Structures are given as structure tokens and as C-alpha cells.
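Enquirer: Take a look at this one; I'll ask things after.
Residue numbers (the working numbering), protein chains in the order written: chain R, 1 to 216; chain S, 1001 to 1484.
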């Protein structure tokens, strides 16, 4: 098979929304001695972009979008050991994300994570009901670019303000951009507590995070 | 192959067995005692020779019970209405549900509430739109054009419809000549009258004048279609409180008697000809004296008739999706939703007038056709019901996901989502902010966009150039003869 054909196959494996097919495709690429960075950037990533476009047109649905992201992630894991030394994937940025303390809701955040990952961000998910200390610790430890805070419950909202205040106290507020989201949040609330952005859904979250990173 | 339709698992029921039998007996009594008027000498003779009791002076025909029972027994239980291509065929049989479009509106209204006469150009465009809409399974000519003389307009509508949609065409005709001319036009497309019998792309609907009077034109159409072994849709359209009893059961007895009288004539002429029974049961609004077709009683009577026809094991063509509202508003939405859903749940085999109709059936809106297509989509989903088997019970899936996680990443979700969830095109489910960013469109705006898309992109399987020319020539000859 020619290199073009293999790259095409890698792209199509993402459009199958199937982890196993994507993993198999990644292994084929290794066998065929394709540069793993090229396999990702000119193969799998093209597939993800196409899925994103189809999603925007309403032709691909959310579970498919998420599975395409998962398939991409799995394929990258297969290729990673073969990256040439000193070379890695270009990440668009490091995102630390979690649902704030007092709130157990996971689904919206999971969708945002899938979308961010699929768009080339490195995402660290801290889970749900995350105490503010953990957010601060991880932001410092990873030297993250973006902090994403999620809440569905109105009662959990004050926690967001506490986290931002804590970051200020630690003197690292200006090192990081903060985006909030979830049913309880609004642009108005984001302005009030001094967050950098608010997003109403996963698609908006991706474009806002890109804006925060200065990528269009 | 053909359009699958939905086979209803468990029908909505309006009557007990005893009540059905009572309705049946009441119908027989009406037909046997007062009978039905037939204003056509040839029909009277046929009915007389066929065993009915005929009074030539009063044109009254009384039906002995055995004639009715024989007619019910002899009629086919399954009738296939063909499209220009096989993939558009619909198979009308008990408990399978399909939808047919609205019909013969005279005016067109838009979102800005401006109203105008329907024109030839609309007739063409709307046939193409109906061709593209997946939930219009059978086509009736959505508008009747005002820019041609009324005599012969049935032939013009027929030629336009058959040229601009591949779906089965359900129509009416101006008497014997109207029926024969339309048969001639349809035969050109399929390659002759014998072929038309094999693949009937056209059916004609003769309608009785309630109460109890068959007019000459309608009788002629019925007789031509039965003689020629082509599908005919024997119709009754009584208005409860005015041209039928105010009680719904009484109105059902009357419409049943009326369509069965037509069925007897059809069966005496040709025992196995494909006859369909159809009703459009409206009420008179007693505040105004106007007809109402968006009323809940229409839905109830169609549901009841569906059950009665199932008892006879005959396919039933009912009505639904009509609104009395003058414009595309909330009234239109709720009247349409209710009067589509109830007859469908009762297992009405073909629900006609289901799209585009406003102001009873006087006015049409383009956008409404598309909105109704979406309502029908939801009704079809409701008819499919809730499937229960090991795949849908999803025990293993539930176990593997467990507490606090979600199902979005599960293969089961991916595999079943399009099958289990109705995917709307017109309904809005965006978050408010996204919705605002995208222009804050309502259902009518979105329907309008879809129409523009259909008109600019939808391709109808083309007719052979020679066939198209022959249709035009034939129509010209017919019209010249008619108008000279």
C-alpha cells in the first residue's frame, strides 16, 4: 500500500468511530514504517477534523464525536513509543479541568474533555467534587495553560469564586486562563468572579479555549 | 420493496366488540331501510341487476344485508398503490400506517400573513417538494391552480403531479371523461393501460354528497375505475351536526353506510377491483356554522373508523393534520399534532390531507408542509413504540457503565441512537446562546430554509424526454377538445 493510501485509511478509521479499528490502523502504520508524527497529523487528525465538521452540520451525533476522539486517543497511545527521540506531538495547550466541590455532575465536562482532546489539547481531568486545593496543586504541578471549572448545581457556584481567590492569594492567577461552564453558570457570573471566559456548550468551550490561547 | 410504513403493534381502541357489532348492525339497518340515492341511470340498472332494491323514480337504492357482506368479503384486503418507481410503492393493509399530503388548497399564505391565489408554478414546486419529503408517502395535489380555467383543471393537475413527483398520485376527477383522460395521461408514463393496471401510479377518489346522495360525476368516476380494475378511493365527508348526526357514533354509522354503498356498486361491476374506503369526518362549528377539520372529533371518528375497517379487514384511508387556523400558529401546531397522532395510533392505513393545510383545506403554506413532515416523523416514531429485547433492555450495558458514569462512550449508544431517537430537523434544541448566535430562528424560518434547499438541490428521477413530450401533447389535445 502506498503511503497516501495508508494515511487515507488512518483518516477513515476515525470516521468508523471504533477504537479497535483505529488501533489496528495505527499498528498498520507502524508496520509500514510511516513516520508516527505524520501518521497523526496527516492521517488521524484529518479524520477528527472531518468528524468535527460533520458534527457542526448535524450529520454526526455527539456519541460519534466522542468516540472519534476516543479512537484518536487510543491510536496516539499506540504510536507514542515510536516517536523519534526529542520529538513529540504539538499540543495546543495544557488544560486542567474538573467539577467543583459539592457537585457530582460529570457528563457535560466529559463532553468538553472529548472535544478538547479531539482538537489537540492535552487535558487533565480531575474528576468530580474536586476540592479547591487539588485544583491549585495540579495547576502548579503541570504548569497548566487553562483551568476549566464545571458546575451544574447553583449551590456549588461559590466554590468557583473561592478557587479563583485562592489562585490570586498564591500569586498565580495571572499565569493561567480560567474558563467556567455548566448549567448553573452564566457569562454574568463569570464576569462577577473574574473568570476569563464562559461557554454554554462543548463546541463553544473549544472555541473559547482556543481564543484564550490566542489560536483562531 | 417499497415504502415500509409502520406496522402498529397495538392499536388504540375506541370500541368494545359489542359496540363494533352495534355500529355494524345500525349501518346495515340504514342501508336496508332508507338506502342511498344514486343519481345515475346506468348505476341504478347495475345495482338493480346486482340484487339491490331500486326505485328508478326516486333513485333510491336499498341494500339487502347479504349484498353488503359480499362486497366486504370480495374486496381485496391488501391494495398496493404504486409510485413511478417500485421504491415508492405503498402497501395498504390492516394496521400498516402511511401518510398522504394535503390537497387542492386555493390560496397560499406566508409567514408575513400575506395571502394570494395558488398558481400553476406553485403546483409544480409543491409536487417537487413533496417528492423530496420523506414522510409524505402518497401525493395529492397540494394546491389547485387559479390561473387555468376550472373545466379540465383535474387533467392539468394530473399531468403536473405525474411529471413532478415519483410518488403515487391520489386524485379526484371531473366525471367519466375526467377519469378517462387522467388514465390516458398516467398510461403514457407506465407504457399503456395494461401496464397501469399492473402498476397503478394513479388512484381516483369519487365522493358521495352527504347525507346519502351519490352525484353523477362521482358515480361515473367510481364505475370507470372499477371497470378498468384501477384503484378507486370511495369517500364520504360528512359534517357532524349538519350533514350527519351530531353524535359521533351516529356520524360513523352514516359514513360507514355511505362508503359501503359505493363499495357494493364497485363490487357488482368488478368483484376484485381495488376499492379503498375513505372518510373525512368533520363537524360544524356551532358558534359560527363553519366547518371544522382541525377538531378533536375528526381524530376520534377517524380512529373509530379505523377500528371498524379492521373489523371488516379492509384498508382504511382516514384524515388528519388539518387545521382551521388561518396561519401558521400555535393552533395549527396543536390541531395538527393531535389529529395526526390519534388516527395513526388507531391504525388508519393512509392518513390523507396530512400536510400543508390551513383554514380547513382552503389555504396552504409552503413552510407548513415541511413542519407537518416533521410532525409526521414524530408520529411515526410514536407508532414504532418501544421495542423490547435483549439488545434494547441493555442489561450488560447498564452493568458495565454503573453509577456516576455516562453512556456516551458506549458502543451500544453509538449503535442504537439513530434507531431509537427521532432526529428532528425543524425542532430547535440549541442552547439559548447558540440559538441567538445562529439567528434566533423559529420553526417557520427553518422550514423556509429547507424548502429553498429542496428547490435548489432536489432531483426528481427524470422522465424520458419523449414521454414528457407525449404527456404535453396529449394534455394539449384534451384541453383543446374540452374548451372548444
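Where is the CB? At the ideal position from N, CA and C, for every residue including glycine. Keep in mind the model is a prediction, meaning the values are calculated, not measured.
Let me see if you follow: with CB-CB separation under 9 Å, is residue 1265 of chain S close to chain R or not?
Expert: no
Enquirer: For residue 197 of chain R and residue 1436 of chain S, what's the separation of their Cα atoms in angstroms?
Expert: 18 Å
Enquirer: Just to confirm, are residue 1129 of chain S and residue 1361 of chain S a CB contact at a threshold of 9 Å?
Expert: no
Enquirer: Who are the Cβ neighbours of residue 1378 of chain S in its own chain at under 7 Å, not counting the five residues just before and after it?
Expert: 1422
Enquirer: Grouping DSSP H, G and I as helix and E and B as strand, with all else coil, what is residue 1166 of chain S?
Expert: Residue 1166 of chain S falls in the coil class under three-state DSSP.
Enquirer: Just the Cα atoms here: how many angstroms apart are residue 1319 of chain S and residue 1279 of chain S?
Expert: 7 Å
Enquirer: Would you call the stretch 1192-1203 of chain S in contact with the stretch 1218-1233 of chain S, where contact means no fewer than 3 C-beta pairs closer than 8 Å?
Expert: yes
Enquirer: Does the beta carbon of residue 63 of chain R sit closer than 9 Å to a beta carbon anywhere in chain S?
Expert: By this cut-off, residue 63 of chain R is an interface position.
Enquirer: For residue 1480 of chain S and residue 1181 of chain S, I'd like the C-alpha separation in whole angstroms.
Expert: 13 Å
Enquirer: So is residue 1367 of chain S buried or exposed if we call it buried at 16+ other beta carbons inside 10 Å?
Expert: Residue 1367 of chain S comes out buried.
Enquirer: Got a sec: is the Cβ-Cβ distance from residue 1405 of chain S to anything in chain R below 9 Å?
Expert: yes
Enquirer: How would you list, in chain order, the residues of chain R whose beta-carbon sits under 8 Å from the beta-carbon of residue 1413 of chain S?
Expert: 63, listed in chain order.
Enquirer: Take residue 1431 of chain S as the anchor and find which of R:213, R:209, R:211, R:181 has the nearest alpha-carbon.
Expert: R:181
Enquirer: Using a Cβ-Cβ cutoff of less than 6 Å, which residues in the same chain neighbour residue 162 of chain R once the five nearest sequence positions on both sides are dropped?
Expert: 132
Enquirer: List the residues of chain R that residue 1434 of chain S touches, going by C-beta distances under 8 Å, in chain order.
Expert: 200, 201, 203, 204
Enquirer: Of all Cβ atoms in chain S, is any one closer than 9 Å to the Cβ of residue 70 of chain R?
Expert: yes
Enquirer: According to DSSP, simplified to helix, strand and coil, what is residue 1053 of chain S?
Expert: strand
Enquirer: Checking contacts by CB at 9 Å: is residue 145 of chain R closer than that to chain S?
Expert: no
Enquirer: Are residue 1371 of chain S and residue 1447 of chain S closer than 9 Å when you measure CB to CB?
Expert: yes
Enquirer: Nearest-angstrom Cα distance between residue 1477 of chain S and residue 1101 of chain S?
Expert: Spanning the two alpha carbons is a distance of roughly 29 Å.
Enquirer: Pop quiz: residue 1343 of chain S and residue 1382 of chain S are said to be a contact at Cβ under 8 Å. What is the actual Cβ separation, rounded to whole angstroms?
Expert: Not confirmed; about 12 Å, so no contact.
Enquirer: Identify, in the order they occur along the chain, each residue of the same chain with its Cβ nearer than 7 Å to the Cβ of residue 1482 of chain S, setting aside the five sequence neighbours on each side.
Expert: 1151, 1152
Enquirer: What does a CB cutoff of less than 8 Å around residue 56 of chain R pick up in its chain, not counting 5 residues either side in sequence?
Expert: Excluding residues within five positions, the ones whose Cβ falls inside 8 Å are 203.
Enquirer: Determine the extent of the beta strand (DSSP E) in which residue 148 of chain R is found, giving its start and end residues.
Expert: 146-150
Enquirer: Count the other CB atoms, across all protein chains shown, that sit within 10 Å of the CB of residue 1061 of chain S; report buried if there are 16 or more and exposed otherwise.
Expert: buried
Enquirer: Excluding the 5 residues preceding and the 5 following residue 1221 of chain S in the sequence, name in chain order all residues of the same chain whose CB lies nearer than 6 Å to its CB.
Expert: The answer, listed in chain order, is 1173, 1179, 1204, 1206.
Enquirer: Starting from residue 205 of chain R, trace the alpha helix (DSSP H) in both directions and tell me its first and last residue.
Expert: 202-212
Enquirer: For the stretch 1431-1456 of chain S, which residues have a CB atom closer than 8 Å to at least one CB atom of chain R, in sequence order?
Expert: The stretch 1431-1456 of chain S vs chain R, Cβ under 8 Å: 1431, 1432, 1433, 1434.
Enquirer: So with CB distances below 9 Å, who are the chain S contacts of residue 104 of chain R?
Expert: 1404
Enquirer: Under the rule that 16 or more other beta-carbon atoms within 10 Å means buried, what is residue 1365 of chain S, buried or exposed?
Expert: buried
Enquirer: Under 9 Å between the Cβ atoms of residue 1253 of chain S and residue 1036 of chain S?
Expert: Cβ atoms of residue 1253 of chain S and residue 1036 of chain S: not closer than 9 Å.
Enquirer: Would you list, in sequence order, the uninterrupted alpha helix (DSSP H) runs of no fewer than 4 residues that lie entirely inside the stretch 1179-1208 of chain S?
Expert: Counting only runs of 4 or more, we get 1193-1198.
Enquirer: Sort S:1460, S:1261, S:1295, S:1284 by Cα distance to residue 1029 of chain S and report the nearest one.
Expert: S:1261
Enquirer: I think residue 93 of chain R touches residue 121 of chain R, with their Cβ atoms under 8 Å apart; what is that distance to the nearest whole Å?
Expert: Residue 93 of chain R to residue 121 of chain R, Cβ: 6 Å. Contact.
Enquirer: What is the rounded straight-line gap between the Cα of residue 1146 of chain S and the Cα of residue 1161 of chain S?
Expert: 16 Å
Enquirer: What residues are listed by DSSP as bridge partners for residue 1082 of chain S?
Expert: Beta-bridge pairing links residue 1082 of chain S to no other residue.
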